[in-house]
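Below you'll find the structure, written out as structure tokens, and then a few comments.
Protein chains: 2
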Amino acid sequence: MPSPYNLEVEYNCAECRVRAERTFCNMSASAVQALDTVKFTGLYPKGSLLFVEGEEPRGVFILCSGRAKLTTSSTEGKTLIVKIAEPGEVLGASATILGKPYEVSAETIEPSQLNFIKREDFLKFLNSHAEACMHTAQQLSEKYHAAQREIRSLGLSQTTSEKLARLLLDWCDRTGEETARGTRIKVLLTHEEIAQMIGTTRETVTRLLSDFKRKKIVDVKGSSLFVTNKPLLEHMVSV
Amino acid sequence: MPSPYNLEVEYNCAECRVRAERTFCNMSASAVQALDTVKFTGLYPKGSLLFVEGEEPRGVFILCSGRAKLTTSSTEGKTLIVKIAEPGEVLGASATILGKPYEVSAETIEPSQLNFIKREDFLKFLNSHAEACMHTAQQLSEKYHAAQREIRSLGLSQTTSEKLARLLLDWCDRTGEETARGTRIKVLLTHEEIAQMIGTTRETVTRLLSDFKRKKIVDVKGSSLFVTNKPLLEHMVSV
DNA sequence: GCGTGCGCGTGATTGACATCACACGACGAG
DNA sequence: CTCGTCGTGTGATGTCAATCACGCGCACGC
């Protein structure tokens, strides 16, 4: 029976078919079994707030399917999208481990399946399963690497067009699909959100995209964006 | 006998007096003993390059004393100082764990004592000592948190003066010393390096500091900088 | 001593981007 | 159908900071 969100729901980690592909979940049978006893599986519609920046850590969310945006906001209401989390990522791990407030907010941008683990349970789990702890360290390392890339991008590139170019290339690598007309990426973010990803304003994104279109670098058809001249994009990205 | 760098050198982790204060090193006697057998202790003068961005990970450095700057550079030679690492931090851990190239370069900015552990030895150590793995996860969480703060600072604050203000406040918290004339911080970085920390140019840093002096927010005496009006600085920082 | 390099201070100029402002189509709710 | 809302396109204007350019003091070597 299909779920209300057209998602295959897997309530049992032990039977999850994609487990082996996931840094964290790829564990021995006994560890997975232990995981199954403490987790709470949930389906979340698009727009669900998982946790909010500054809140005390309740626990971690394992993103089984779907995607979530991690954001941080200034007191003036300006928002920065730090990262788009993909399936397999563990959200809120660092705050949970340190016992410090969540440093970002997490919100699903697609219908998503998540496994929630309470803080104490998660810590106990890590302490009793060495491999889980190792995998968590790997997850954290990956997150740290991604954060470093973000820092590079924000701090080293002076021009906004460069940041946008890098974002598009990133999307090509991550979710791009090669077609005769170039690499296709499905843009499910608004210009406003794109602006929040690269730390600029909505208007600038609109203008830059028009510019890219005029220069025949990209081509927009509905929610699809074709990157027709990837070399030129790459050339714009010095960092 | 004093070392050539006026540092107390501790070649034996088991006898290290500050071990308990360090996230990573604060381990059981047996684990510390194991650590002692695989580490290489070294004294490094100011300006030593520990590892370089892009290089294959040889292993990790535990910063026992001194400080190091972590940098990343663009192909055009522009450099960003990502972080100033303080004693107790483990450098290169994420790259070593993932087996991916170092994502930053590390260079000592003071004479420093470091313990080096080869990659295989470090991974073995983590696998055989659960608590070490846990502490590494904590270290990585802290690094990730710090990176998030950096991202906030770079991405959310539009004006450069705000970034500089935040940096100064950061230094007040970290190494500040309260005096009758305000909080004193010792600036061992050049304007150029400060610029690289907040992603701007040397000239702008000079101008902003003059500006702050004119506004009686700070006062510079040699390599000491007095923050005389901290509330005003805090007011500039909205993020 | 004198050069040489380095860190700092400032001016002039320019370009990129934020900001404000408005218009237009799409789409859902009533 | 009509009205609001939302995402998008685009112009006008101002401002902040990058860039270039130069001078100045200070330390260090020979």
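Just so you know, the protein sequences line up as chains A and B, in that order.
Quick note on this note's numbering: the first sequence kicks off at 12 and runs consecutively.
Quick note on this note's numbering: the second sequence kicks off at 12 and runs consecutively.
Note that beta-carbon positions come from the ideal geometry of N, C-alpha and C, so glycine has one too.
Values in this document were obtained by computation on a predicted structure and should not be read as measured data.
Below 8 angstroms on the Cβ atoms is my guess for residue i versus residue j; work out the distance and round it to an integer in Å.
i	j	result
Gly193 (chain A)	Val238 (chain A)	5 angstroms
Pro122 (chain B)	Leu54 (chain B)	7 angstroms
Ala96 (chain A)	Pro68 (chain A)	So it is not a contact: roughly 16 angstroms between Cβ atoms.
Ile196 (chain A)	Thr211 (chain A)	The pair is not a contact, with the Cβ atoms about 19 angstroms apart (cut-off 8 angstroms).
Glu118 (chain A)	Ala79 (chain A)	6 angstroms
Leu165 (chain A)	Leu165 (chain B)	4 angstroms
Cys24 (chain A)	Leu46 (chain A)	6 angstroms
Ala141 (chain B)	Ala141 (chain A)	5 angstroms
So which of the options has the shortest CA-CA distance to residue i?
i	options	result
Ile128 (chain B)	B:Ile120, B:Leu137 and B:Glu121	B:Leu137
Ala206 (chain A)	A:Arg160, A:Arg218 and A:Lys197	A:Arg218
Thr201 (chain B)	B:Ile120, B:Ser41, B:Lys154 and B:Leu244	B:Ile120
Tyr155 (chain A)	B:Ala104, B:Gly58 and B:Ser168	B:Ala104
Ser160 (chain A)	B:Pro56, B:Ser84 and B:Asn23	It should be noted that the sequence gives Arg, not Ser, for residue 160 (chain A). If we check each option's Cα against that of Arg160 (chain A), B:Ser84 comes out closest.
Leu236 (chain B)	B:Lys226, B:Arg130 and B:Leu220	B:Leu220
Leu91 (chain A)	B:Ser172, B:Met247 and B:Arg163	B:Arg163
Ile209 (chain A)	A:Leu167, A:Gln44 and A:Ser76	A:Leu167
Gln44 (chain B)	B:Tyr22, B:Gly77, B:Lys57 and B:Gly58	B:Tyr22
Lys50 (chain B)	B:Glu214, B:Gln149, B:Pro242 and B:Cys36	B:Cys36
Gln169 (chain B)	A:Thr48, A:Lys89, A:Val29 and A:Gln149	A:Lys89
Pro242 (chain B)	B:Val216, B:Cys183 and B:Lys135	B:Cys183
Glu214 (chain B)	B:Thr171, B:Ser116 and B:Glu87	B:Thr171
Glu111 (chain A)	A:Gly77, A:Glu66, A:Ser76 and A:Thr86	Residue identity check: residue 111 (chain A) is Lys in the sequence provided, not Glu. The shortest C-alpha separation from Lys111 (chain A) is found at A:Glu66.
Glu100 (chain B)	B:Arg30, B:His246 and B:Glu26	B:Arg30
Lys135 (chain B)	B:Gln149, B:Gly77 and B:Thr48	B:Thr48
Met38 (chain B)	B:Val216, B:Val229 and B:Gln149	B:Gln149
Gly77 (chain A)	A:Glu204, A:Glu203 and A:Val20	A:Val20
Locate the alpha helix (DSSP H) running through residue i, then write down its first and last residues.
i	result
Gln159 (chain A)	Ala141 to Leu167
Leu199 (chain A)	First-last for Leu199 (chain A): undefined, no H or E at that position.
Ala104 (chain A)	Ala104 to Leu109
Arg192 (chain A)	No alpha helix (DSSP H) contains Arg192 (chain A), which DSSP labels as neither H nor E.
Thr34 (chain B)	It is not in any alpha helix (DSSP H) - Thr34 (chain B) carries neither H nor E in the DSSP assignment.
Ser221 (chain A)	Arg213 to Arg225
Glu245 (chain A)	Lys241 to Met247
Start and end of the beta strand (DSSP E) containing residue i?
i	result
Glu173 (chain B)	It is not in any beta strand (DSSP E) - Glu173 (chain B) instead sits in the alpha helix (DSSP H) that spans Thr171 to Thr186.
Val231 (chain B)	Val229 to Lys232
Lys50 (chain B)	Lys50 to Tyr55
Val238 (chain A)	Ser235 to Val238
Verify whether the separation of the beta carbon atoms of residue i and residue j is less than 9 angstroms.
i	j	result
Phe62 (chain B)	Leu125 (chain B)	no
Glu32 (chain B)	Glu64 (chain B)	no
Gly93 (chain B)	Leu81 (chain B)	First, the amino acid is wrong: residue 93 (chain B) is Val here, not Gly. Yes, these two residues count as a Cβ contact at 9 angstroms.
Ala176 (chain A)	Ala42 (chain A)	no
His146 (chain A)	Thr34 (chain A)	yes
His153 (chain B)	Leu109 (chain A)	The displayed chain sequence assigns Glu, not His, to residue 153 (chain B). In this structure, Leu109 (chain A) lies closer than 9 angstroms to Glu153 (chain B) by Cβ.
Leu151 (chain A)	Leu102 (chain B)	no
Glu173 (chain B)	Val248 (chain B)	yes
Lys226 (chain A)	Asn240 (chain A)	yes
Ser234 (chain A)	Leu199 (chain A)	yes
Ala191 (chain B)	Ala158 (chain A)	no
Phe133 (chain B)	Gly70 (chain B)	yes
Practice problem: Ignoring anything shorter than 4 residues or poking outside the stretch 61-132 of chain B, list the alpha helix (DSSP H) runs there in chain order. | Solution: 104-109
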